[in-house]
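Trainee: So the protein lines, in turn, are chains R and B.
Taking our numbering, the leading residue of the first sequence gets 1, the next gets one more, and so forth.
Taking our numbering, the leading residue of the second sequence gets 111, the next gets one more, and so forth.
Heads up, the beta-carbon is just placed ideally off N, CA and C, and yes, glycines get one too.
A single structure is presented below for examination.
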Amino acid sequence: LAKTTQPISMDSYEGQEVNITCSHNNIATNDYITWYQQFPSQGPRFIIQGYKTKVTNEVASLFIPADRKSSTLSLPRVSLSDTAVYYCLVGDIDAGKSTFGDGTTLTVKP
Amino acid sequence: SAVISQKPSRDICQRGTSLTIQCQVDSQVTMMFWYRQQPGQSLTLIATANQGSEATYESGFVIDKFPISRPNLTFSTLTVSNMSPEDSSIYLCSVVRPIDYNEQFFGPGTRLTVL
Numbered sequence: 001l002a003k004t005t006q007p008i009s010m011d012s013y014e015g016q017e018v019n020i021t022c023s024h025n026n027i028a029t030n031d032y033i034t035w036y037q038q039f040p041s042q043g044p045r046f047i048i049q050g051y052k053t054k055v056t057n058e059v060a061s062l063f064i065p066a067d068r069k070s071s072t073l074s075l076p077r078v079s080l081s082d083t084a085v086y087y088c089l090v091g092d093i094d095a096g097k098s099t100f101g102d103g104t105t106l107t108v109k110p
Numbered sequence: 111s112a113v114i115s116q117k118p119s120r121d122i123c124q125r126g127t128s129l130t131i132q133c134q135v136d137s138q139v140t141m142m143f144w145y146r147q148q149p150g151q152s153l154t155l156i157a158t159a160n161q162g163s164e165a166t167y168e169s170g171f172v173i174d175k176f177p178i179s180r181p182n183l184t185f186s187t188l189t190v191s192n193m194s195p196e197d198s199s200i201y202l203c204s205v206v207r208p209i210d211y212n213e214q215f216f217g218p219g220t221r222l223t224v225l
């Protein structure tokens, strides 16, 4: 299983762009990269997923370099409600082999 | 998105007893997973619940301690057996649907406290 490494915590201010990087040096060919958001007392919620290059949806962008050994979640113009733990997940879901990273606690300040 | 419910939402149990947690999904799913999240920690995969066959357990988790059933494509149970205070944790059910390739949906979790 690919092991992931993320910063433990990050601070930001409302309106700023936040970039959270995840390292996954042992990522396998069939592995996807997925990011989840978790608020206290709730289950994780899907944010975005990608395999390579760049993926963008209505809430975030995901940048994956050609070697796929890392990925960066980009949150544009964060608000206080974006304060949460963000997890980088690498694995082939169909094989049931996905590993959660330790998570990054993002704190958005006014 | 898939709607997942778990019962109970929380419980306080005595050492040595067992608790069965139910996970119900509003649609048929291909894969169901059970995770544990200890206070302040990340999620750890316990096992993959396979419909019609025995669950597949991750390293460090065994069937005798965490028996799992999955009688159909929308329901699964996880039993935490012979509980000790170290089992105090949040247990989460997660699913993947055929139309949501590679996207996992998570239930709200069951908060277990063992005294």
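With 16 other CB atoms within 10 Å as the buried threshold, where does A66(R) fall?
Mentor: exposed
Trainee: Taking L73(R) and I20(R) to be in contact with their CB atoms under 8 Å, please state how far apart those CB atoms are, rounded to whole angstroms.
Mentor: 5 Å between Cβ atoms; contact.
Trainee: Measure from the C-beta of P44(R) to each C-beta in chain B and report whether the shortest distance is under 7 Å.
Mentor: yes
Trainee: Let me confirm a value: Q6(R) is counted as buried when at least 16 other C-beta atoms fall within 10 Å, else exposed. Which label applies?
Mentor: buried
Trainee: Please compile the residues from chain B whose C-beta is within a distance smaller than 8 Å of the C-beta of Y87(R).
Mentor: S152, L153
Trainee: When DSSP labels each residue in this structure, what does S128(B) get in the three-state scheme?
Mentor: Correct three-state label for S128(B): coil.
Trainee: Report yes if the C-beta distance between T187(B) and T130(B) is below 7 Å; otherwise report no.
Mentor: yes
Trainee: Nearest by alpha-carbon distance to M10(R): which of D31(R), L75(R), T56(R), R45(R) is it?
Mentor: L75(R)
Trainee: Quick one: what does DSSP say P218(B) is sitting in, helix, strand or coil?
Mentor: coil
Trainee: Looking at the secondary structure, which residues open and close the beta strand (DSSP E) in which M142(B) lies?
Mentor: 141-147 is the extent of the beta strand (DSSP E) around M142(B).
Trainee: How do the region 155-172 of chain B and the region 113-122 of chain B stand: do at least 3 beta-carbon pairs fall below 8 Å, yes or no?
Mentor: no
Trainee: A159(B) lies in the beta strand (DSSP E); which residues open and close that run?
Mentor: 153-159
Trainee: Taking L202(B) as the query, report the chain R residues whose CB atoms sit under 9 Å from its CB, ordered along the chain.
Mentor: G43, P44
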